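Trainee:
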Ligand code: FAD
């Protein structure tokens with residue numbers, strides 16, 4: 004099934020993300036976690052693509068496994084470390100595996116990489132290529148708090164429009180912890196003439212160290228309300244996990260209440276967290 008049909012239906016969509024193992028040593032445990040999340044029957048599941056593409060095989064395998072369990076997969080594909088031949092071959096493989104949905108990404112640029120020698124510089128180039136390769140439903144990433152490479156949000160949204168014009172049918176946001184940031188972003192995106200669905204990405208923070216690392220990498224802001232939670236429960240793992248799930252649940256309820264019909268959860272390969280969130284929302288997502 005195409006993700007665009009899922010997220011534009013009447014039923015509110017709640018989807019989860021898994022990431023592939025970095026090495027074969029954790030393959031079984033990741034498959035087990037992905038299977039357990041799939042057993043919750045989410046609207047769809049995304050499978051990330053390891054930076055550099057070294058674990059791309061796992062992305063494909065997990066996506067196909069989810070499909071075999073009746074859950075629509077969204078396979079991420081990044082291009083910055085790939086040649087045109089690599090991408091063409093990946094697209095053939097996706098088709099052979101029956102995977103219809105792709106999140107087209109540039110990927111982070113490894114330090115010292117000479118951009119002039121690359122086949123791809125931006126996700127819009129990959130998007131165009133995927134669109135030309137067949138009947139894929141294509142998504143793209145977006146950044147309510149501005150991508151770190153951009154000078155400002157006007158420039159970032161101008162490039163986002165180019166990506167949508169190249170063929171992205173929906174967008175998924177980087178995580179954020181204050182819904183007003185998302186609502187403001189959405190307004191600016193619409194003003195720029197971008198009309199495709201924008202799916203907010205929500206991260207249930209279940210451990211204080213993890214969030215400090217993520218925030219340092221993404222440059223995202225943490226509201227004071229959330230900082231107090233970390234101050235109080237950061238060194239009490241069970242309490243931090245519970246507070247993080249409640250905080251994310253409240254964000255999601257607010258999003259649905261404000262007319263957003265599709266929410267994506269960065270579930271970090273944690274079936275218990277995905278299950279707790281889904282249970283908190285059981286009457287809301289029917
Ligand atoms: P782009 O859309 O190409 O944008 C990158 C930067 O370039 C932006 O600042 C943009 O404004 C600018 N830009 C775009 N076009 C132009 C242009 N023509 N001229 C000048 N500047 C331009 N990474 C992974 O490695 N694997 C994953 O699975 C993965 N999944 C992700 C999922 C989501 C929902 C998000 C939000 C991010 C994900 N990432 C993933 C991270 C992503 O790869 C990085 O943030 C990367 O640096 C940018 O990728 P992009 O596709 O957004 O790039």
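Residue numbers (our numbering): 4 to 289. A virtual CB, placed ideally from N, CA and C, is assigned to each residue, including glycine. Here the structure is a predicted model, which means the values were calculated and not measured.
1) Keeping to the same chain, check which residues put their C-beta closer than 6 Å to that of residue 200; ignore five residues upstream and five downstream.
2) Give me the pocket residues for the ligand FAD, defined as CB within less than 5 Å of any heavy atom, sorted by chain position.
3) So, helix, strand or coil for residue 105, using DSSP?
4) Which residues bound the beta strand (DSSP E) around residue 36?
5) Could you check where the alpha helix (DSSP H) with residue 260 kicks off and where it finishes?
6) With a 10 Å radius around its C-beta and 16 neighbouring C-beta atoms as the bar for buried, classify residue 117 as buried or exposed.
7) Kindly list the residues whose CB is nearer than 6 Å to the CB of residue 179, restricted to its own chain and excluding five residues on each side of it in sequence; keep chain order.
8) Which same chain residues, not among the five before or five after residue 228, have their C-beta less than 7 Å away from its C-beta?
9) Check whether the segment 161–176 and the segment 231–241 touch, using three or more Cβ-Cβ pairs below 8 Å as the test.
10) Closest to residue 269 by CA distance: which of 6, 51, 31, 25 is it?
11) Comparing C-alpha positions only, which one of 60, 87, 143, 110 sits nearest to residue 7?
12) Among 246, 56, 101, 284, which one has its Cα closest to the Cα of residue 84?
13) In the DSSP assignment, what residue or residues form a beta bridge with residue 205?
14) Taking the alpha-carbon positions, what's the residue 152 to residue 110 distance?
15) Could you tell me whether the segment 126–135 touches the segment 62–71, using the rule of 3 or more Cβ pairs below 8 Å?
16) Of all the options 230, 49, 202, which has the alpha carbon lying nearest to the alpha carbon of residue 210?
17) Can you tell me whether residue 92 is buried or exposed, with buried defined as 16 or more other CB within 10 angstroms of its CB?
18) With residue 105 and residue 160 assumed to form a contact (beta carbons below 8 Å), what rounded beta-carbon distance in angstroms separates them?
19) Which of helix, strand or coil does DSSP assign to residue 12?
20) Pull up the distance between the alpha-carbon of residue 273 and that of residue 182, whole angstroms please.
21) Helix, strand or coil: how does DSSP classify residue 121 here?
22) Could you check which residue in 252, 257, 27 has the C-alpha nearest to that of residue 284?
23) Taking Cβ to Cβ, would you say residue 18 is nearer than 7 Å to residue 61?
24) Can you grab the Cα-Cα spacing for the pair residue 281 / residue 71, in whole Å?
25) Work out the CA separation of residue 107 and residue 81 for me, nearest whole Å.
Mentor: So, from the data block:
1) Here residue 200 refers to the residue found at position 197 of the chain shown. Answer for residue 200: 10, 173, listed in chain order.
2) 51, 52, 54, 79, 81, 108, 109, 110, 111, 125, 126, 144, 150, 152, 153, 159, 162, 175, 177
3) Locating residue 105 in the chain shown gives position 102, counting from the first residue. In this structure, residue 105 counts as strand in the three-state DSSP scheme.
4) For the purposes of this step, residue 36 is identified with residue 33 of the chain shown, where counting begins at 1. Element bounds for residue 36: not the beta strand (DSSP E) but the alpha helix (DSSP H), 30–41.
5) Numbered from 1 along the chain shown, position 257 holds the residue referred to as residue 260. Run containing residue 260: 240–260, per the alpha helix (DSSP H) assignment.
6) Counted from its first residue, the chain shown places residue 117 at position 114. Looking at its Cβ environment, which holds fewer than 16 other Cβ atoms inside 10 Å, residue 117 is exposed.
7) Taking the chain shown and counting its residues from 1, one reaches residue 179 at position 176. These residues qualify, in order along the chain: 147, 185.
8) The count along the chain shown starts at 1 and reaches residue 228 at position 225. Taken in chain order, the list of residues that qualify is empty.
9) no
10) Sequence index remark: in the chain shown, residue 269 carries index 266 (1-based). Here the closest residue by C-alpha is 51.
11) As a first step, residue 7 is located in the chain shown; it is residue number 4 there, counting from the start. That would be 143, whose Cα lies nearest to the Cα of residue 7.
12) Mapped onto the chain shown, residue 84 falls at position 81. Residue 56 is the option with its Cα nearest to residue 84.
13) Position 202 of the chain shown, counted from the first residue, corresponds to residue 205. In the DSSP output, where bridge partners are listed per residue, residue 205 has 268.
14) Your numbering for residue 152 matches position 149 in the chain shown. Your numbering for residue 110 matches position 107 in the chain shown. Approximately 12 Å, taken between the alpha carbons.
15) Under the three-pair Cβ rule at 8 Å, the segment 126–135 does not count as touching the segment 62–71.
16) Mapped onto the chain shown, residue 210 falls at position 207. Looking at the Cα atoms, 230 is the closest of the given residues.
17) Position 89 of the chain shown, counting from 1, holds the residue named residue 92. Result: exposed.
18) Your numbering for residue 105 matches position 102 in the chain shown. Your numbering for residue 160 matches position 157 in the chain shown. Contact flag wrong, Cβ pair sits at about 22 Å.
19) What you label residue 12 is simply residue 9 of the chain shown in a count that begins at 1. In the structure shown, residue 12 sits in coil (DSSP, three-state: anything other than H, G, I, E or B).
20) As a working note, residue 273 is residue 270 in the chain shown. As a working note, residue 182 is residue 179 in the chain shown. For residue 273 and residue 182, the distance between alpha carbons rounds to 23 Å.
21) Taking the first residue of the chain shown as position 1, residue 121 is located at position 118. Coil.
22) In the chain shown, the residue the question calls residue 284 occupies position 281. Out of 252, 257, 27, 252 has the C-alpha closest to the C-alpha of residue 284.
23) If you number the chain shown from 1, residue 18 lands on position 15. If you number the chain shown from 1, residue 61 lands on position 58. Not a contact, by the Cβ cut-off of 7 Å.
24) Here residue 281 refers to the residue found at position 278 of the chain shown. Here residue 71 refers to the residue found at position 68 of the chain shown. Rounded to whole angstroms, residue 281 to residue 71 spans 22 Å at the Cα level.
25) In the chain shown, residue 81 corresponds to position 78, counting from 1. In the chain shown, residue 107 corresponds to position 104, counting from 1. Looking at the two C-alpha atoms, the distance is approximately 6 Å.
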